[in-house]
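Before any comments, here is the structure.
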Amino acid sequence: KQEVTQIPAALSVPEGENLVLNCSFTDSAIYNLQWFRQDPGKGLTSLLLIQSSQREQTSGRLNASLDKSSGRSTLYIAASQPGDSATYLCAVRHNFNKFYFGSGTKLNVKP
Amino acid sequence: NAGVTQTPKFQVLKTGQSMTLQCAQDMNHNSMYWYRQDPGMGLRLIYYSASEGTTDKGEVPNGYNVSRLNKREFSLRLESAAPSQTSVYFCASRDRDWYEQYFGPGTRLTVT
């Protein structure tokens with residue numbers, strides 16, 4: 004069974020820092036990996052989607068990389084802002100319709 | 002274009018009561034999903050529907066039933082609620098080409 008782990012569970016950084024969030028998965032036979040943002044009491048908002056054939060995707064200050072063979076993805080956030088404070092989740096598509104989620108990293112960016 | 006909508010937003014049930022959670026999407030997606038999210042755990046798939054007229058069990062289907070009413074709507078039913086079903090429930094749909102998921106705002110359910 005696919006297992007997805009996100010470390011650390013929580014992270015607190017001062018505003019302006021560049022930071023990296025980690026996501027690891029046990030079975031490298033994935034089709035894609037998606038990063039989400041979740042604000043307290045809200046649903047999930049898609050940030051980036053990386054297909055299995057891709058190495059990275061970028062959107063604004065966000066860059067996500069994927070290394071399928073080692074079972075890892077990272078989400079890089081440049082010049083962090085207090086508005087980036089949220090929980091970040093990763094999810095892998097393991098087969099046609101099954102998605103597996105990590106438990107998330109709760110990020111706090113201090114002004 | 003509302004995306005994925007869910008009703009109700011909040012619900013409190015007594016043990017043994019039943020209820021149906023409603024989900025609708027206006028993106029013309031074929032596939033729809035129901036997840037539950039518990040503290041300290043990632044989202045876990047309850048049921049999914051690959052297309053209108055089909056449904057399949059996910060990781061944690063016990064205690065739930067689903068109906069894919071039409072292409073837009075996918076409902077989740079708790080026949081006899083238990084305290085272990087206290088959770089936040091999310092509905093999602095998926096686009097056909099990129100397999101990107103889109104989520105609703107969630108339903109916060111408490112079973113006492």
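Sequence lines, in order, name chains A and B. Here our numbering is used: the first residue of the first sequence is 4, the next is one more, and so on. Here our numbering is used: the first residue of the second sequence is 2, the next is one more, and so on. Ideal Cβ placement from N, Cα and C applies to all residues, glycine included. Here the structure is a predicted model, which is why all the values come from computation and not from measurement.
Within chain A, the residues placing a beta-carbon under 9 Å from that of glutamate 101 of chain B are Asn35, Gln37, Ser49, Leu52, ordered along the chain. Residue environment: threonine 55 of chain B is assigned as exposed (fewer than 16 neighbouring CB atoms within 10 Å of its CB, all protein chains considered). In this structure, the beta-carbon distance from leucine 110 of chain B to lysine 101 of chain A does not fall below 8 Å. Between asparagine 66 of chain A and chain B, the shortest Cβ-Cβ separation is not below 8 Å. Of all residues in the segment 82-95 of chain B, only Phe91 place a beta-carbon less than 7 Å from a beta-carbon of chain A. When the five nearest sequence neighbours on each side are left out, the beta carbons in the same chain lying within less than 7 Å of the beta carbon of glycine 19 of chain A are those of Ala82, Ser83, in order along the chain. Between the segment 57-71 of chain A and the segment 7-19 of chain A, the count of C-beta pairs closer than 8 Å stays below three; the two stretches do not touch. Taking the Cβ atoms as the reference, tryptophan 35 of chain B lies roughly 6 Å from valine 67 of chain B, within the contact range of under 8 Å.
With its beta carbon less than 8 Å from one in chain A, proline 106 of chain B belongs to the interface. Collapsing the DSSP output to three states places glutamine 12 of chain B in a strand.
Against lysine 45 of chain A, the close residues of chain B are Pro106, Gly107, in the order they occur along the chain (beta-carbon pairs closer than 8 Å).
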